Amino acid sequence: MKAFDIPFLDLSRQDAELAAELNEAFSLFLRRGIHVLGPEVSSLESEFAAFCGTSAGVGLASGTDALLLALKALGAQSGDEVITPALSAPPTAVAVSLAGAVPVYTDIDATTLCIDPSLVAERITARSRFLLVVHLYGRMADMGPLAAVAREHGLILLEDCAQAHGAAVSGKAAGTWGRAGSYSFYPTKNLGAYGDGGMVVTDDAGLAERLRSLRDYGRIDRDRLGEIGFNSRLDELQAALLRVKLGHLERWNRRRRELARRYLEGLDGLPLRLPRWDGGEEHCFHLFVVECEEREALRSHLEERGIQAAVHYPVPLHRQPPYRDGGAPPRSFPVTERVAAQALSLPLYPYLREDEQERIVEAVRDFFGVS
3 MKAFDIPFLD LSRQDAELAA ELNEAFSLFL RRGIHVLGPE VSSLESEFAA FCGTSAGVGL
63 ASGTDALLLA LKALGAQSGD EVITPALSAP PTAVAVSLAG AVPVYTDIDA TTLCIDPSLV
123 AERITARSRF LLVVHLYGRM ADMGPLAAVA REHGLILLED CAQAHGAAVS GKAAGTWGRA
183 GSYSFYPTKN LGAYGDGGMV VTDDAGLAER LRSLRDYGRI DRDRLGEIGF NSRLDELQAA
243 LLRVKLGHLE RWNRRRRELA RRYLEGLDGL PLRLPRWDGG EEHCFHLFVV ECEEREALRS
303 HLEERGIQAA VHYPVPLHRQ PPYRDGGAPP RSFPVTERVA AQALSLPLYP YLREDEQERI
363 VEAVRDFFGV S
């Protein structure tokens, strides 16, 4: 793998700063000798639910499982249709399929890059059961209209918050607008574990209780099954380390917003489509995504200067081979297609140094011949 002077993400900087706290948490974990569903998981569930503004959290083995088990706990059945955006990471669609349901894709809004509320109604059929909203790149979807259309048509509103730790709109956090919100703790997330992990947050006590059963084979006690469930428990060690990181999340998100402002100022006036953000909305900037008609040329230009950029996501969900209906031409979603072809993610994480960011901005400006 090619080494870059400025990598897209360097988690070792975070680890170095937190080393003492992480070692202390690990030592406590070793002294307790409790490895599965112990006090660290319970504490993280309470603390992360409070961070989001819900009454309950249920820790799970991954963000994909968080979506899958939320769908199952909310009653997803074979053939149910789940309306969801055409642009997202593949796990969004995979979770729907694993739940036995059918993803029904919808185009995205050109500003938020999340599902377009004005297009949802036209995708509703007699089989529609869920509206699965994805808060992409750390920016929340337009939740007021989306919640309204879900109520009007009797859809269960579920939120994929895998990239939205700390994001909010109109004072309400990601994961609190519908029946539940599903989070991922994959290492690259704003709140990342040292492996896989996930959580569902909800204000529905009954739903939380069912999720706790489903994650543990469907047990009602040690020896009796209430239903056929899963093995999807968040590790006690991961929970202990995530609790350390959770204490820093607000500070890290503030730094992400500060870096985003610097990018917006430094790249202003270039032939790029920049994120539209006035500084008021609580965008948590999991990714800083620009759109460029010459994306691959710009990406190569940056790599030649030792800067690693990334693409999220070049193949929309409706064009993924498993979701192409019998090989027929997929439905066209023009905004999704444009973003998939033009989106480029620039390095942005809390430990990116300002001198590194200045190099990135200078390199982008140089690509366009602007000093």
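Numbers 3 to 373, taken from our numbering, label the letters of the sequence shown in order.
Glycine is no exception: its CB is placed at the ideal position from the N, C-alpha and C atoms.
Predicted model, so just to flag it, every value in this text is computed and none were measured.
Proximity to Ser172 across Ala143, Gly199 and Tyr188 peaks at Ala143, based on C-alpha coordinates.
Residue state for Val203 is assigned as strand, using DSSP reduced to three classes. Checking the DSSP bridge columns, you'll see Ser184 partnered with Asp162 and Val202. Contact between the stretch 150-164 and the stretch 174-189 is present: 3 or more CB-CB pairs across the two stretches fall below 8 Å.
For Gly59, the secondary structure class from DSSP, reduced to helix, strand or coil, is strand. DSSP, read as helix, strand or coil, puts Thr114 in coil.
Two segments are said to touch when three or more pairs of C-beta atoms, one from each, lie closer than 8 Å; by this definition the stretch 252-270 does not touch the stretch 31-51. Residue nearest to Thr127 within the set Ile222, Ala345, Ile85 and Glu295 is Ile85 (criterion: CA-CA distance). Counting along the chain, Asp223 sits inside the beta strand (DSSP E) bounded by residues Arg221 to Asp223. Thr113 places its beta carbon 7 Å or farther from that of Arg224.
Just so you know, the alpha carbons of Arg34 and Gln322 end up roughly 45 Å apart. Counting C-beta atoms within 10 angstroms of its own C-beta, Glu284 has 16 or more neighbours from the protein chains shown and is therefore classed as buried. As the crow flies, the alpha-carbon of Leu276 is around 36 Å from that of Ala241. According to the DSSP assignment, Thr338 belongs to the alpha helix (DSSP H) that extends over Pro336 to Gln344. For Phe290, the enclosing beta strand (DSSP E) has its first and last residue at Phe290 to Glu293.
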